[in-house]
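Quick notes on the structure that follows.
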Amino acid sequence: MAEYWTLDDFEIGRLLGRGKFGQVWLARERKSGFVVALKIIPIKEIQSAETVRQIRREIEIHSNLKHDNILRMYGHFYDRDSIYLILEYAGKGEFFRFLSEKGGRFSEEEAAAYIRQVISALVYMREHSVIHRDIKPENLLLGCDDQLKIADFGWAVHNADKRRMTFCGTMEYLAPEMVNNEMHNGSIDLWCLGILTYEFLIGKTPFESKNRNMREAYKKISSLKYSIPETVGSNASDFISRLLVLNPGDRMDLGDALRHPFISRPG
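All residue numbers for the sequence shown refer to UniProt numbering, where the first residue is 1 and numbers rise by one.
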């Protein structure tokens, strides 16, 4: 692919999805024929200095991450109307839709295989001092080779050991320290990993509330009020419970997660 682009360098195909800012389109670079996903962010939607900083940070972080389980960002460009992010095309699309097609949940073997890929990506991000801060099925994609891809780095930040106060993420995936307006660090991704595992196995999140009542959800999170059905195996149950821990420092680390019997099962 070229080092510099304009919109004329691409043939635009069908709409793939919509994000917090802009839309994602299937596209083909005219010169090479290389198929990509082109995220188009209209400049008129960028209405604050904070949003500008967030998009700049997303580009800076995402473009430097190169891992099989992280959606690649090949480059970016802009014109008078929009900012364009050139992204890897994940042929099987949104993981959330794939999960729905599987009946809303995976077998323990399937869940472990996909969670192992998430952990692998998180280990890589930790090595590069990056926190994602919004791990959830909607931010995962699936390649044609069945490789899970973490996407959407809009809330990602550098300095994994630095404690932060920014309130961000998705309601039912929020960690207790976020709910309680306390400082947080990289362990916030460990909490999200626990929620994701629960949802993969059970088909819903552990702190769901009626009618998405925010106050009720926050109360459940702060008191760690959840249960794991008896149908879930003991290894999977232990894996979840060692991640969904109120004190961030007591959560299972990524190395232990990879070695846990739920993840390191034979085959």
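Built from N, CA and C at the ideal position, the CB exists for glycine as well.
**OP:** Identify whether F10 lies in helix, strand or coil by the three-state DSSP scheme.
**Re:** strand
Subject >> Where R265 falls: helix, strand or coil (DSSP) >> reply: coil
Original post:
Taking the continuous beta strand (DSSP E) assigned at I43, which residues delimit it?
Top reply: It is not in any beta strand (DSSP E) - I43 carries neither H nor E in the DSSP assignment.
Subject >> Element boundaries [alpha helix (DSSP H), containing A151] >> reply: Unbroken run through A151: none, as it is neither H nor E.
**OP:** Quick one: residues in its chain with C-beta nearer than 6 Å to the C-beta of F21, no 5 flanking neighbours on either side, listed in chain order?
**Re:** Answer for F21: I41 and E45, listed in chain order.
Original post:
Who are M73's beta bridge partners in DSSP?
Top reply: Answer is L87, bridged to M73.
Subject >> Residue-level contact to chain D via CB, N69, 8 Å cutoff >> reply: The displayed structure is made up of one protein chain only, and chain D is not part of it.
Original post:
With L142 and F98 assumed to form a contact (beta carbons below 8 Å), what rounded beta-carbon distance in angstroms separates them?
Top reply: Right, the Cβ-Cβ distance comes to about 5 Å (below 8 Å), so this counts as a contact.
Original post:
Ordered along the chain, which non-local residues of its own chain (more than five positions away) have a Cβ less than 7 Å from that of S237?
Top reply: I228
Original post:
Hey, quick one: how far does the beta strand (DSSP E) through E29 stretch, first residue to last?
Top reply: Q23 to E29
Subject >> Anticipated Cβ contact below 8 Å, H158 with I240, distance rounded >> reply: So it is not a contact: roughly 29 Å between Cβ atoms.
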